[in-house]
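Report on the following structure.
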Amino acid sequence: MAVMKEDLLIIGAGGHAIVLVDIANKMERFNSIGLIDNQVLKGNVVCGVPVVGSDSDLGSMLDENPNLKVIIGIANNAIRHKIYLRLSGIFKLASFATLIHPSAQIGVETKIGHGVAIMAGSIINSETHVDDFSIVNTRASLDHENYLGAFASAGPNVATGGNVKVGEGSAVEISSTIAHNLTIGENTIIGAGSVVLKNCDSNSVYYGTPAKFIRKK
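Take the sequence shown: its letters are residues 226 to 442, numbered as in this note's numbering.
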């Protein structure tokens with residue numbers, strides 16, 4: 226018996242959004258009915274999916290389709306959070322879809338929240354918690370018993386050891402490595418290619434090999 230697909234709107238029409246279009250298509254669970262963007266004109270087509278309106282159209286779309294799903298296709302953690310706060314008055318938390326590429330490897334006893342994007346080739350090992358609206362990017366690897374906070378992100382090729390905690394809103398950027406049993410605070414940036422060997426404070430920028438504190442964010 227064929228499974229009924231859920232209608233999906235993607236907020237945004239940039240690079241992150243088109244990756245989500247591809248994941249949604251490969252999952253064969255969603256029908257990507259359109260993109261919502263305040264900067265791109267309605268009727269434009271991005272990666273085969275039309276721009277169907279802006280934020281102001283979302284209320285009427287939900288009235289017409291109460292089962293509509295939505296995901297925020299914005300890579301920047303802070304902007305994604307702001308958009309969620311704006312949309313939370315329209316959509317319930319359960320309306321935010323989680324997209325997981327079929328090639329991702331998900332371990333046992335993992336917990337994955339609402340509005341999460343998990344990209345191709347990523348690995349999430351056992352008993353890891355990926356919280357709401359976070360991103361696990363292409364070929365990123367989160368080892369056992371990790372925590373990736375809400376609105377946080379692990380960039381492409383990031384690797385974490387076991388028992389690593391990344392706080393809400395933090396960004397671990399491309400090809401960085403975090404050693405076992407470390408904590409990254411909230412709203413912190415770990416610069417590209419860094420090797421983190423010590424805990425990192427909140428609201429800070431770190432980079433280097435080994436990673437060093439650079440400045441407050």
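Where is the CB? At the ideal position from N, CA and C, for every residue including glycine.
Computed from a predicted structure; not experimentally measured.
Simplified DSSP assignment, three categories, for residue i
i	result
GLY278	strand
GLY240	helix
ASP232	strand
VAL270	strand
MET226	Because MET226 carries a pLDDT of 47, less than 50, the predicted location of this residue cannot be relied on, and the following value inherits that uncertainty. Reduced to three states, the DSSP call for MET226 is coil.
GLY259	strand
ILE299	coil
SER359	coil
LYS390	strand
ILE315	coil
VAL265	coil
LEU324	strand
LEU367	strand
7 Å Cβ shell around residue i - same chain, five flanking residues per side excluded
i	result
ASN382	ARG364, ALA365, ILE399, SER400
GLY245	Just to set this straight, residue 245 is Leu in the shown sequence, not Gly. Within the same chain, LEU245 has close Cβ partners ILE235, ILE296, GLY298, LEU324, ALA342.
ARG305	ILE297, ILE299, PHE358, PHE376
ALA249	LEU233, PHE255, SER257, LEU324
Close Cβ partners of residue i (< 8 Å) along its chain, the five nearest in sequence each way excluded
i	result
ASP232	PHE255, ASN256, ILE258, ASN290, ASN292, LEU293, LYS294
ALA417	GLY380, GLU398, ILE399, SER400, SER401, TYR432
SER351	GLY332, VAL333, GLU334, THR335, HIS369, GLU370
CYS425	LEU407, THR408, ILE409, GLY410, THR413, ILE415, TYR431, ALA436, PHE438
Which residues DSSP lists as bridging residue i, in chain order
i	result
GLN330	ILE348
ARG440	VAL430
VAL420	THR402
HIS354	LYS336, TYR372
LYS294	LEU233
ALA396	SER378, ILE414
ILE409	VAL391, CYS425
Top-ranked residue by Cα proximity to residue i, from the options
i	options	result
HIS339	ASN301, GLY332, LEU373	LEU373
PRO327	GLY268, ASN350, MET229, ASP247	ASP247
GLU393	GLY387, ALA375, ILE439, ALA249	ALA375
ASN412	SER429, TYR309, LYS251	SER429
GLY240	GLY387, ASN301, VAL333	ASN301
GLU253	GLN264, MET229, ALA238, ASN263	MET229
ILE243	VAL276, SER378, LYS267, ASN263	VAL276
ALA322	THR434, THR408, TYR309, LYS442	TYR309
MET286	SER320, LYS442, VAL355	SER320
PHE316	ALA303, ASP280, ILE337	ASP280
ASN263	GLY273, ASP282, ASP288, VAL274	ASP282
GLY278	VAL265, ASP288, VAL271, CYS272	VAL265
Cβ shell of residue i (< 6 Å), same chain only, five flanking positions each side left out
i	result
ASN371	THR353, THR385, VAL389
HIS345	Residue identity differs from the one stated: residue 345 is Ala in this sequence, not His. Same-chain partners within the cutoff: HIS326, SER328, THR363.
ILE348	GLN330, SER366
ILE360	ALA342, SER378
GLY387	ASP368, HIS369, GLU370, HIS405
LEU318	HIS339
Chain D within 8 Å of residue i, Cβ atoms only
i	result
ILE403	This model lacks chain D altogether; it includes just one protein chain.
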